[in-house]
Amino acid sequence: MTNNHATAGGDNGDKDNLQDWNHDKFVLYLSAVVSKAKTSWGINFTYIEPFNEPMSTWWTFPGGQEGCHFEVDTQNDVLVQLRTQLDTLGLQDVAISASDENSPSLALATLTSMSTNTDVMNAIGKVNTHGYDGLSPYRGEDREPLKALVAQSSKKLWDSEYGESDATGLSLAESIGLDINQMGVSAFVYWQALDSGAWGLIQSNPGDSWIGTPNPKYYVMAQYSRHIRPGMAILSTDDTKTVMAYDAAAKLLVLVTVNTGDAQTITFDLASFTRVAGPITAWTTETSGSVTQPSHVIADYTVKADSATTLLDSWEGWGTSLAWWANAFGNRADIADSLFTLKESVTVEGVAPAVPALGMNIVRYNVGGSGNNVIDDGGTEVAMSVSKNMPATSPKYIDTFWLNWASNDSTSTSWNWKADANQRAMLDLATKRDVDIVEAFSNAPPWWMTNNHATAGGADGKKDNLQSWNHGQFALYLATVVSQAKTSWGIDIKYVEPFNEPMSTWWTFPGGQEGCHFEVNSQKDVLLKLRAKLDALGLKDVVVATSDENTPPLALSTLTTMSKDANVMASFGKVNTHGYAGLSPYRGPDRGPLKDLVKKSGKTLWDSEYGEKDATGLSMAESIALDINEMGVSAFVYWQALDGGGWGLLQSVIGDKAISSPNLKYYVMAQYSRHIRPGMAILSSDDAKSVMAYDAAAKLLVLVTVNTGAAQKVTFDLASFKAVKGPISAWTTEANSTDGALYKSSTIKASGTSFDAAFPASSVMTFEIQGVE
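Residue numbering for the sequence shown follows our numbering, beginning at 319 and increasing consecutively.
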């Protein structure tokens, strides 16, 4: 396609080398590669850039690399044709970049020329510039003018190629600071991660496939790339050598600073922020010596109580779901003692050492949908489709009580009330201890009500799997189980939830657990029918809950849709959300909006299922504090009290009915569940990592705080109370220590209306302060 049939430059570096009649072929080539990547390689290109330093004049044959000169008019033509060709191939979402000029000054000149052509400007979505001045780092004055023109053009801006021969990384760090602060780039791309001399982050000779050692530059790049992460906001400072990034959801501020001179002390003034709680962790790279090493800056801080602001009038409690662990350990009274009493010490068989009981008062009972029975459907035998990932021997296989569609009469042979014996046994043990709130919930309807006669997901995870004509039967099933629990088991179920993560799309057969997708309109119909069935059975005091979505954003979306229907809103009294983002702890911004909508709707709100694999409990502690302080939940329910891989409070292999030891997470849960008790009011503080509860009758204030960083001193300011008499009792769990405190008690002295506490690194501490008014 080139005039001289070469890629390493043209005959004249001042002139176009792409043949005029091949503009369209070049465009077709680039578009075809992008399309092939999508359809055959499984890779979606976000951007495509047709040029590389096109206005530079050094692309002359025989050059040392591929290169081609493009005049601006030629660039314009290629860009417009490329946009058209991409759109023709259905690649409208692929953005075009232009023009990767060698320096910001050249990029400014090219963009200035292009900006007079509306068609060209509409064709591109991003401006690329290199960070050079020839082969040196750019230190000219055109970064800010380029930023202004790019902003005026409503495009993004990248430093799409930067490199130089300074192995120390100091030039790199200065360039990053200037590019972000003065030029406003949204990305920084290093040229050759592996290269010879000092150009590479890692010493290498690519031609010989040889790799040596990392340059100090590698560790300098780590200072930026490991800490300033995608999605963070870039904030302004008065220092071009300092880059400041902020993660609002995590309340995390990152500062990266380069010092090119002598050793010095720098003061960082963060007074523009409402609050700086700490701790502060630091990493240092001395480019002439040591590489990046973490250290800690002790940032003692004060937690200020707000006795005048009540977040919640009455805490409902702490709990766990019985599925699936109770299906394996249903007859274990020792486990029930450890979870559902406040005993000071419980010995669980197979577990060492003895543990303080957790005092949970809530259980969620899983109403099963699976069965191994065969239904005679007019001479045709119908049976449940069993998932290879959820065999009948799995604890995740929960038996249904309603065996077939032959009869609605719960006393007939269509119903088997001997089913699910193990889970019911643990439910009985729990309610004979401290459990006073039971919620029934369904993961999937009875198998014969679903479109594919399976409980482990539907044929399409994006579509309803409950047959539309069985909405009423599903509602009848749940209401009948609640009624049977009351009349035959002697257990009053307070709440019933018909769904579990209904809008999630992963409920596809053959799944590894019961699950069923419900569109919101289907949820609404089931809720109305469930309310009616409960009322018809004399269960008007049983509250319907919905919808147990996987995340607060999904819960907010579902509730927003439901809130437009007054009849549906009247059918339920509690909103449930799970505390996940997939399988990770939720750390997004929608806790507050969900809280506001729930409050406006006059409902209560639970985090009805939370779990993750962080055995230390620190992630759980942060989630509890966020859920209570930001989302206003009145209960927190842990998913599997017994589970493996860090998920369980007690480490267990459920399928083998084996228990080994408590995870540190168990003791972290004890910090909350043993001290913040049902009926306490939840008060406000200025610290998102502290939960404050108050028992007015006992004049008892409880504070639980998680410290995820270095050891530090925290001052608790209780001046908003009329009196703080004490004494103060404390409990400590060192979540990241193999030989630290598990649940260690101590006493602390108050000083007037405040007290100081020394927090070990990575720890949770609880304080009970007596005589608080």
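In this text, a Cβ means the ideal position worked out from N, Cα and C, and glycines have one as well.
Would you grab the beta carbon distance between residue i and residue j for me? Rounded to a whole angstrom, and I think it's under 8 Å.
i	j	result
Thr665	Ala675	Rounded, the Cβ-Cβ distance is 11 Å, inconsistent with contact.
Ser574	Leu488	The sequence as given places Val at residue 574; Ser does not occur at that position. Not really, about 13 Å apart at Cβ, beyond 8 Å.
Asn707	Gly829	6 Å
Ser514	Ser527	Incorrect: roughly 12 Å between the Cβ atoms, too far for contact.
Met501	Leu475	7 Å
Closest to residue i by C-alpha separation, out of the options, would be which residue?
i	options	result
Ser349	Val685, Trp633, Asn362, Ala589	Asn362
Met1082	Pro996, Leu1001, Thr1071, Tyr984	Note that residue 1082 corresponds to Val in the displayed sequence, not to Met. If we check each option's Cα against that of Val1082, Tyr984 comes out closest.
Ala566	Ala670, Ser801, Pro907, Gln802	Pro907
Gly449	Ala441, Gly443, Ala425	Ala425
Val704	Gln582, Phe658, Ala758, Phe827	Phe827
Ser1038	Ser806, Ala1059, Thr627, Gly833	Thr627
Val700	Asn947, Asp451, Trp723	Trp723
Lys622	Asn330, Ala777, Asp1074	Asp1074
Thr768	Asp754, Gln791, Val756	Gln791
Gln393	Gly408, Asp405, Asp418	Asp418
Gly579	Thr1084, Asn370, Ser431, Glu492	Glu492
Asp782	Trp633, Asp843, Val1090	Asp843
Ile584	Leu721, Ile1066, Asp557, Ala568	Asp557
Ser625	Leu1001, Pro1045, Ser1008	Leu1001
Asp1035	Val396, Phe369, Gly1070	Gly1070
Lys356	Gly408, Lys333, Val390, Asp391	Gly408
Leu944	Tyr898, Met550, Gln410	Tyr898
Glu367	Ser358, Leu400, Asp655	Leu400
Ala516	Ser926, Leu490, Asp484	Asp484
Note down, in chain order, each residue of its chain lying with its Cβ closer than 7 Å to the Cβ of residue i, except the 5 sequence neighbours on either side.
i	result
Trp924	Lys892, Asn894, Val951, Ser952, Ala953, Val955
Counting only the same chain and skipping the five closest in sequence on each side, list residues whose C-beta sits under 8 Å from that of residue i.
i	result
Gln337	Met319, Thr320, Asn321
Asp738	Asn645, Gly686, Ile716, Asp717, Phe719
Trp807	Arg742, Leu745, Asp746
Just how far apart, CA to CA, sit residue i and residue j?
i	j	result
Thr922	Met938	22 Å
Asn734	Val799	11 Å
Asp848	Asn684	For clarity, residue 848 is Leu in the given sequence; the question names Asp instead. In a straight line, the C-alpha of Leu848 is about 17 Å away from that of Asn684.
Ala1011	Phe890	28 Å
Ser1072	Ala988	25 Å
Lys444	Ala505	11 Å
Ala563	Ser478	20 Å
Leu346	Gln403	7 Å
Gly689	Arg995	39 Å
Ala772	Ser979	35 Å
Lys931	Ser902	8 Å
Ile414	Lys465	18 Å
Arg593	Ala1015	33 Å
Asp974	Ile520	48 Å
Asn446	Asn340	24 Å
Leu855	Thr805	11 Å
Lys535	Lys917	53 Å
Ala758	Asp778	26 Å
Ser840	Trp824	18 Å
Thr560	Arg547	16 Å
Asp694	Gln802	26 Å
Ile1087	Gly833	45 Å
Tyr619	Gly964	31 Å
Lys851	Leu845	10 Å
Glu1052	Thr1023	12 Å
Phe788	Thr729	The residue you asked about is not Phe; residue 788 is Asn in the sequence shown. Answer to the nearest angstrom: the Cα atoms are 20 Å apart.
Tyr542	Thr878	40 Å
Ser1055	Ser1064	18 Å
Asp1057	Pro524	48 Å
Ser632	Val756	17 Å
Gly328	Asn335	5 Å
Lys569	Ala589	15 Å
Give every residue of the same chain whose Cβ lies closer than 6 Å to the Cβ of residue i, excluding the five residues on either side of it in the sequence, and list them in chain order.
i	result
Ala1079	Ala1028, Ala1029
Gly668	Ile977
Thr1026	Leu936
Ser639	Arg682, Trp957
Thr325	Glu384
Lys1043	Gly1089
Gly997	Ser632
| For the segment 847-867 against the segment 816-823, are there 3 or more C-beta pairs whose distance is under 8 Å? | Yes: at least three Cβ pairs fall under 8 Å.
| field | Inter-stretch contact at 8 Å, needing at least 3 Cβ pairs: the segment 743-752 / the segment 845-865 | value | The answer is no - the segment 845-865 does not touch the segment 743-752, with fewer than three Cβ pairs under 8 Å.
| said: For the pair the segment 877-889 and the segment 596-604, tell me if three or more CB-CB distances fall below 8 Å. | reply: The segment 877-889 is not in contact with the segment 596-604.
| task | Specify whether the segment 455-464 and the segment 377-387 touch according to this definition: at least 3 beta carbon pairs, one from each stretch, less than 8 Å apart. | result | Touching, no, given that fewer than three Cβ pairs across the two stretches are closer than 8 Å.
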